[in-house]
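Report on one structure; see the data block that follows.
Residue numbers (the UniProt record's numbering): 1 to 303.
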């Protein structure tokens, strides 16, 4: 609240310039982004330093580095500008005429489920809306939403920060993918066989599938991970012709070749998980983002 009160003492133009400076960390680039002259941005930075009693940005090589005080201002500044944008935005959103770019974070698993239907919807109903898709760990996606780099994230987020809002897209369960020839003769994958086989693990920057490991830990068991990789789409290709096992959510295995591969239940209980959309609560008044979220939800239902 202290940071927000400090920002309330500054006029809106200076807030916009401060936001650009903290984002670009370079006076010239901030000026180009705002279509202002470099002296005008430098003068604004001098005023901001005087008003806030802090250098805010200090020289480091060819750029600028934010001070600790400036870093404290990033979140309340984004909130203040979002509130102003929401206040000035029209009450209705017309997708047919809108021009907007949304930054959406999701894994390639999420992309495979969400994007085909969503992109067809955008081309049909909102051809002026563009998407920038990024890929990160669960923690990285939530951090992007918190700091304003991401508009909405789609994924599995067991721990949701209080500043964020979410909506359920679907509940998912885990299954095991094996080469059909490697399945035991009785067609059942039991726990000893599961533990004796090498496994493929999907993870991104250390954020893998903790639900599986927790379930095994509760049994006081461990599995051997022979291949660890961040790419969802290529993982099923490793299974054919091998003794590898891939334990993943079921929706990602809709297009496998049943002549070569087989999907079976895991031989131990793994709790189901929820796949959600997450966005910052300060974006609640953004009609365009609300429309996009609804279209994503509707696409999942139809899918």
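Glycine is no exception: its CB is placed at the ideal position from the N, C-alpha and C atoms.
In the displayed model, residue 291 falls within a helix according to three-state DSSP. In the three-state scheme derived from DSSP, where H, G and I count as helix and E and B as strand, residue 37 is classed as coil. Residue 57 and residue 64 have their C-alpha atoms spaced approximately 6 Å apart. At the C-beta level, residue 69 and residue 50 stay beyond 8 Å of one another. Judged by DSSP in its simplified three-state form, residue 132 adopts strand. A straight-line Cα-Cα distance of about 43 Å links residue 150 and residue 188. Around the beta-carbon of residue 78, 16 or more other beta-carbon atoms lie within 10 Å, marking it buried. Taken through DSSP and simplified to helix, strand or coil, residue 28 comes out as helix. Nearest to residue 181 by alpha-carbon distance, out of 190, 72, 234 and 240, is 240. Nearest to residue 251 by C-alpha distance, out of 287, 192, 113 and 133, is 113.
Rounded to the nearest angstrom, the gap between the Cα atoms of residue 165 and residue 38 is 38 Å.
Counted as a single uninterrupted DSSP element, the beta strand (DSSP E) harbouring residue 166 occupies residues 164-172.
Here the region 137-153 does not lie against the region 183-199, with fewer than 3 beta-carbon pairs under 8 Å apart.
The criterion of a C-beta distance shorter than 8 Å is not satisfied by residue 174 and residue 296.
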